[in-house]
Each structure stands twice: as structure tokens, then as C-alpha cells.
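Protein chains in written order, with my numbering: chain A, 1 to 164; chain D, 1001 to 1164.
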DNA sequence: TATTGTTATACTCTATAACTATA
DNA sequence: TATAGTTATAGAGTATAACAATA
């Protein structure tokens, strides 16, 4: 299907001395720019949360537990695209810091119901305040909430039917 | 500066039984969606280049050498955000496969001028053909070249003045 | 038999310090 | 003194296999 949508230049013949390749400008490559932007955003996140010593994965785990307490490890790990084996050390860290805990579930004795501790709830409140500042900074860079929404729509298109 | 642009819901009081947090919907978090989209695009890249055994970093190094032969390692590494120490093994791999080579530079005897081999030039031609298919697939997903351009513009805004 | 959490392990990426040979 | 390339090393992140307890 389809002709070359990738090139912008009319494909003229290479001049002498020039390389014989019709190359993408690098700054227009979707995957490349996506990666650089993601790294920049994560770096901004790490700067914002340096004082709280919180990494993106820990943020999202705490957010999911806060949103719906009692979920089991596999559920949260799957939602975040984390292998359950790698989730163990992550959860160990949150438990060691006294922010979240594993409780024995009512029905299934194999699984753990994950909950925030009292200290963890206070932590999450501060975490969300910091996150709001961080996120609003990104939204301003993008040009406002409408531009943010446009970005999300485009990224969702890249994610659609990728795993199906 | 500025009020909360992050929330979409009117911040009503929490109902009994609901968690006491006003949480972001996770799917609307810029960094989170950015990361998932980047992983999906890279996975698509890896699938496309599985047969050629080429990873994104190797692709971009070959593309930069092809674009302007004779550049030295530090130049290319910096353009790609790779530490020069980590660039060594990457370049070793390309050299071992006979795709690119280190030549002694004319002026500075410390530096290496990087060039494609004859075999490497042929490889890059095939590489660019595969890449065009991959990239056009992404552009179709986005809804066409205009949507791709809009995405690049938004990602550039996230990258602007981040490191200054 | 299948699933939950776990351990052990390995591989990739990334980051830093220190060395050498040149400049 | 500083720079280009290199080595060694350590830390994240991620992937798989296998096990015990439970379903």
C-alpha cells in the first residue's frame, strides 16, 4: 500500500560529492523524536521528584493503589506493563519506606491486597501536588490544555491496535 | 504561576467509600502516554528490523555516518545523546559486521574518521527501504503526513529549552 | 493443571572514573 | 592542561525460567 510519504524533498539526482543516500532529516523521524521527548519529560519528572526520591514507576504504582486500594500485584503490574517478577522489588521498596503494604486478601490466599499506609496517604497527597506543578509546566510548554489533548490523541493513535 | 489545568472533573467532595484523592486518569498523563507510545514504536521498529538484526541506536549511527562520512566518534555520539564511552561497543559491533570502519583522520591523530564500507553502503540502502515502510506505517496510523508534522511540532515543544 | 508471588539470572542501556596517546 | 578514544565497572530496566503455596 501507498507511495512514499516519508520524503519531503523531490528526489533529485545526487550531486557530485554528496552521499548517495536520500536520508531522513533525523529530526523528523517519529521514533527518534518520541524517544528524545520522553527522556526530556522523564528528566523533568526526576528533577521535580528528586527531593521526594520518587521515580516514575513508583509514582504510577502509588497512584494506582490510591485510585483503587485492594488490587493485587499482578493487576497493577499488568496495567503498567511491568512483569510481575520485576514488580516484587518495586513493591518491596515502597513497603520498606512505609508508604504501601501487602495485606492478606480475603478470598484468594495466594494474592496480596495492596494498600497505602496512613503515612503513604499523606505522601500521595504531597506527591499529587508536586505532580500538578510538573504536569502544568509541560502543558504550558505544549501551548495549553487543548494542545495537550491533541498530543494525547496522536499518541493514542500510535498505540492503537499495536498489540492486537 | 497559573491555576490547575490538570484536572478535568469539577473537584466535588469525595463520596463515602471513594478514595480521598483527586487522581489523574493515568491515560491523560503526558509522560506516561509518551513512554507507552515510544515503547510501541520501538517495538514496531524492532519487528521491522528483526531480519536485519538492527537496533534503533545502530540505525541512527549508520544514518549519520551515511549522511556525512568522516565525522568522528564524539560528534556522532553527541548528536545521538550517547556517552562516548558507550559508543565504543556500538561502533565495535558495526565494524565487526563489516558495515562501518574507523579510519585514521588526517589532522588530529587522536580521532577516528567514521565511514561506511562498500558492504555498509549496500546495507544502508536496504535499511532505508525497510525504514520507509516502517515509518509510512506509523504515518498511516497517525492519519497522514500532516498529523505526523503536528506530532513532531508538539514533541519539539516538549524538547524546547529543556537543556538550556 | 493453572495462577500468585517469589527468587535467581541475564541482557541491554546508561553513567562515571580513570587510563593512553595525542594535542 | 585539555581532548579523543578506550577500559572497567556499576546501576537501572527488563526478560525468562523455575519454584512453593494455593486454587
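By construction, the Cβ of each residue, glycine as well, lies at the ideal position given by its N, Cα and C atoms.
The structure presented is a predicted model; accordingly, all values stated were derived computationally and were not measured.
N- and C-terminal bounds of the alpha helix (DSSP H) containing residue 157(A): 145 to 159
Counting C-beta neighbours from all protein chains within 10 Å, is the total for residue 120(A) 16 or more, i.e. buried, or is it exposed? buried
Strand pairing of residue 1115(D), partner residues [DSSP]: 1101(D)
Listed by chain order, chain D residues near residue 160(A) by CB distance under 8 angstroms: 1141
Within 10 angstroms of the Cβ of residue 52(A), are there 16 or more other Cβ atoms? Answer buried if so, exposed if not. exposed
Go ahead and pull the three-state DSSP assignment for residue 65(A). helix
Which residues in chain A sit within 7 angstroms of residue 1082(D), going by Cβ to Cβ distance? None at all; the shortest Cβ gap to chain A is about 12 angstroms.
To which residues of the same chain is residue 1069(D) closer than 6 angstroms at the C-beta, ignoring the five residues directly before and after it? 1115
Under 8 angstroms between C-beta atoms, does residue 100(A) make it to chain D? no
Say whether chain A places a C-beta atom closer than 8 angstroms to the C-beta of residue 1041(D). yes
Please determine if the region 1022 to 1040 of chain D and the region 121 to 138 of chain A are in contact, where contact requires at least 3 C-beta pairs separated by less than 8 angstroms. yes
Taking a cut of 8 angstroms between CB atoms, which residues from the region 1102 to 1129 of chain D lie near chain A? 1121, 1124, 1125 and 1128
Helix, strand or coil for residue 1072(D) per DSSP? coil
Let me confirm a value: residue 66(A) is counted as buried when at least 16 other C-beta atoms fall within 10 Å, else exposed. Which label applies? buried
Could you say if the region 143 to 152 of chain A and the region 1025 to 1043 of chain D meet the contact criterion of at least three C-beta pairs nearer than 8 angstroms? yes
Anyone know if the C-beta pair for residue 87(A) and residue 73(A) falls short of 8 angstroms? yes
Are the Cβ atoms of residue 83(A) and residue 64(A) separated by less than 8 angstroms? no
Alpha carbon to alpha carbon, how far is residue 71(A) from residue 145(A)? Give it in angstroms, no decimals. 31 angstroms
Between the C-alpha atoms of residue 159(A) and residue 40(A), what's the straight-line distance to the nearest angstrom? 20 angstroms
Since residue 150(A) meets chain D, which of its residues come closer than 8 angstroms, beta carbon to beta carbon? 1150 and 1154
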